[in-house]
Every structure is written in C-alpha cells, then in structure tokens.
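Enquirer: Okay, handing you the structure first.
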Amino acid sequence: MEKFILNCAVTGAIHTPTMAPYLPIKPKEIAYQAIEAAEAGASTVHIHGRDPETGMPTGDLNIMGEIVSTIHANSNVVICITTGGGMNMTVDERIAAVPVYKPELASCNLGSINFALFPVMNKIKEWKHEWEPAYLEGSRDFIFKNTFKDLERIFEMMAVNGTKPEFEAYDVGHLHNLNYYFEQHQLQDPVYIQFVMGILGGIDATIPHLVHMKQTADLLYGDKYLFSTIAAGRHEFAMATTSMLLGGGARVGLEDNLWLAKGEMAKSNAELVEKMVRIARELGYGPATPDETRQTLKLKGRDKVNL
Ligand code: KMH
Ligand code: ZN
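Quick note: the sequence shown, position 129, residue 129 per this note's numbering, numbers continuous.
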C-alpha cells in the first residue's frame, strides 16, 4: 500500500453557519470533529477558531487553546494551526496562536490575493446571523494580505517556535515567491507545499492546472519538497485523488467542501475523510499515520508542543 498524507481542515473561515448545520462552531465541536476525523484516517488536522455563539471566525487565543488542547489530549493526530485566520482579522491576530501553543505544523500563505466568497450569496435567502452576509459581501473588496514582509515575519516566528510551515500556494507565482527564500537556503528540508485550487482569486481547480503546479514545483524544488492539494467545493475529491496519484498528499474537510456527493451534505469531517480513505484504498493507497507523517515531514514531535 502506498502511503499519502491526508489532511483534514475542520471548519475554516469560508463557510458560514447558514450554509451547513454540520459545520462545527463551538470549540468542543471543532475538537471532537477533528478527533473523529483522525480516527477515520486523517494524518493531520487543520484548525481555525470560531465564536461559539455566532460562528464568526475568531483568532481568540482561549478558543484556539480549548480546541487544540482537547485534540492533543485525545488524539495522536498532527495539529496544524492556521495563520490564514479569517477576513475579519489582522495579520497579528492571524499568527498569534503559534508562539503560544507552538504547534508541530502551521499554515503559511504565500502571497497577497483577492479572496472572493461573495458569489455564494446569491444562493442564500435567509441568514442565521447578521455578520454572515456582511462578511461574504466584504470579500468583494478584500485582499488576503501576505506580503514578503509578512512572510519573513512568519518564517522567523515559526523557526523560533519549532513549528514547520505548511506553505499554501494559491497560484503558480506563489511557488516563485517561496523559491526566493529557498534559493537563499532559508527553508528547512523538506519544503512542504499545499496547492490551493478553486478559490476565486487564485488558480482554478482543474487537472491541467494541478499538473502545472506540480511541474513548476518539481523544477524549483526537485526532490527537496513534498506537496498536498486542496480544492474548493465539488472539486475536492477529484483533485485530492489526482494529487495522491501524482505522489502528493490530499486535504479534505468542511473548511473546503460541505458536500459528500451531489445533493448530499457531509454530516461531519469524518465522513469526508472516510470517503477519501475509501477512494484511496480502491487504488492501493492508505493514509499515513500521524507518526509516519511526523517522520516524513521531519516534525519536532507532539511532546514539544505547548499544550
Ligand atoms: N482556507 C483555505 C483556502 C489557512 O488557513 O491558512 C486555505 C487555508 C489557509 O486553509
Ligand atoms: Zn484554513
């Protein structure tokens, strides 16, 4: 059986409570969905916080602390804390949890882009919370800020805390942004890159685009990098499977996709992980265990996080 790293992104900051009743909102819900996803086969879990009353994305450190400490106490899964946060957060707020909890892995977004969620508003007539339409409409004028200065700050912060960056590349140019630092030998081996596809503002989720991302990364990083792929919405499983067949990892989860199949909502993150594991097994693949993932990515180990 070929092993691949299977990431699960549990709640994120794109979907809002009106869009799905199954989206975990409260810290314990987020934590237990992450734990169940790990039991279903996830190698890592990618974590955002939400306000427990409204479901609004939040960088509140106590909320993040409750989520990650509950996961850590109940599962061996690798915890990856977001530094992308939500559209309502400054860069300072987005990155604050890393020096506090010192996770093994944290996301690091590789460039400033438009990040548009507003088209989804047409499909929704009634909202559960006032903040939701304002948040989504606000994305019409939103720039997801990740300047070179921000990147350098995040690299330094992660290095000091022993946290490995999971680099999020939303377009081909982001691979070149990262290469600027790779050429200066500023990145630790292996460079771990996640291709993010299908966000309006970034590269589209198609197989030719995924192949192009991989070929570009191959040229720039040779055998010094590993990759995984996220695709938004209905493209999730096709791109995840293609990524796995190309030798990479895959990410699934309610952060990126609310649907198990056409017309059938996923009731939990574990259901999405189970589906990916089923597809993988049919093709002779299986998810890497958290410890295998630690070894492959050269992570510092779960005993060195601050939880
Ligand atoms: N929300 C995804 C498109 C992050 O949290 O740093 C990418 C992501 C970024 O997960
Ligand atoms: Zn995220």
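Using N, Cα and C, we set each Cβ at its ideal position, and we do this for glycine too.
Val252: which of Met89, Pro57, Ala96, Leu272 sits nearest, CA to CA?
Expert: The residue you call residue 252 lines up with position 252 of the sequence shown. The residue with the shortest Cα to Cα distance from Val252 is Leu272.
Enquirer: If we ignore side chains and look at the alpha-carbon of each, how far apart do Ala205 and Pro17 end up?
Expert: As a first step, residue 205 is located in the sequence shown; it is residue number 205 there, counting from the start. As a first step, residue 17 is located in the sequence shown; it is residue number 17 there, counting from the start. Those two C-alpha atoms are separated by around 25 angstroms.
Enquirer: Can Val273 be considered in contact with ligand 1, in the sense that its beta carbon sits closer than 6 angstroms to one or more heavy atoms?
Expert: Position 273 of the sequence shown, counted from the start, is the residue given in the question as residue 273. False, no ligand heavy atom lies under 6 angstroms from that Cβ.
Enquirer: Starting from Lys237 and walking both ways along the alpha helix (DSSP H), at which residues does that stretch end?
Expert: Residue numbering aside, residue 237 sits at position 237 when the sequence shown is read from its first letter. Here the sequence assigns Phe to residue 237, which means Lys is not the residue at that position. That run of the alpha helix (DSSP H) goes 236-245.
Enquirer: Cβ of Gly84 within 6 angstroms of any heavy atom in ligand 2?
Expert: Here the question's residue 84 lines up with position 84 in the sequence shown. Flag set: Cβ of Gly84 near ligand 2.
Enquirer: So for Ser75, helix, strand or coil by DSSP?
Expert: Working through the sequence shown from its first residue, we reach residue 75 at position 75. DSSP places Ser75 in coil when its eight states are reduced to three.
Enquirer: Closest to Gly202 by C-alpha separation, out of Gln295, Tyr135, Tyr170, would be which residue?
Expert: Along the sequence shown, one-based indexing puts residue 202 at 202. Comparing Cα positions, the closest option is Tyr170.
Enquirer: Can you name the start and end residues of the beta strand (DSSP E) that Leu219 belongs to?
Expert: Here residue 219 refers to the residue found at position 219 when the sequence shown is read from its first residue. No beta strand (DSSP E) contains Leu219, which is instead part of the alpha helix (DSSP H) from 207-221.
Enquirer: What is the rounded straight-line gap between the Cα of Leu10 and the Cα of Asp51?
Expert: Sequence index remark: in the sequence shown, residue 10 carries index 10 (1-based). Sequence index remark: in the sequence shown, residue 51 carries index 51 (1-based). It should be noted that the sequence gives Val, not Leu, for residue 10. Whole-angstrom Cα-Cα distance: 15 angstroms.
Enquirer: Could you tell me how far apart the beta carbons of Val78 and Pro290 are, in whole angstroms, since I believe they sit closer than 8 angstroms?
Expert: Indexing the sequence shown from 1 puts residue 78 at position 78. Indexing the sequence shown from 1 puts residue 290 at position 290. The C-beta separation of Val78 from Pro290 comes to about 5 angstroms, placing the pair in contact by the 8 angstroms criterion.
Enquirer: Using DSSP's beta-bridge definition, name the partner residues of Lys3.
Expert: By one-based count along the sequence shown, residue 3 stands at place 3. DSSP output for Lys3 lists Gly286 as bridge partner(s).
Enquirer: Cβ of Val100 within 6 angstroms of any heavy atom in ligand 1?
Expert: Here residue 100 refers to the residue found at position 100 when the sequence shown is read from its first residue. False, no ligand heavy atom lies under 6 angstroms from that Cβ.
Enquirer: Which residue marks the beginning of the beta strand (DSSP E) containing Arg251, and which one marks its end?
Expert: Residue numbering aside, residue 251 sits at position 251 when the sequence shown is read from its first letter. Per DSSP, Arg251 belongs to the beta strand (DSSP E) from 249-252.
Enquirer: With respect to the alpha helix (DSSP H) encompassing Trp131, which residues constitute its N-terminal and C-terminal limits?
Expert: By 1-based counting over the sequence shown, the position of residue 131 is 131. From DSSP, the alpha helix (DSSP H) with Trp131 extends over 131-138.
Enquirer: Between the segment 29-46 and the segment 62-72, are three or more C-beta pairs nearer than 8 angstroms?
Expert: yes
Enquirer: Using the C-alpha atoms, what's the distance from Thr229 back to Leu246?
Expert: On the sequence shown, residue 246 is found 246 positions in, with the first residue counted as 1. On the sequence shown, residue 229 is found 229 positions in, with the first residue counted as 1. For Leu246 and Thr229, the distance between alpha carbons rounds to 10 angstroms.
Enquirer: Can you grab the Cα-Cα spacing for the pair Gly284 / Glu2, in whole Å?
Expert: Taking the sequence shown and counting its residues from 1, the one referred to as residue 284 is at position 284. Taking the sequence shown and counting its residues from 1, the one referred to as residue 2 is at position 2. Roughly 6 angstroms between the two C-alpha positions.
Enquirer: Quick one, which of Phe237, Leu23, Tyr181, Gly162 has its alpha-carbon nearest Lys304's?
Expert: Within the sequence shown, the letter at position 304 stands for residue 304. Nearest option by C-alpha distance: Gly162.
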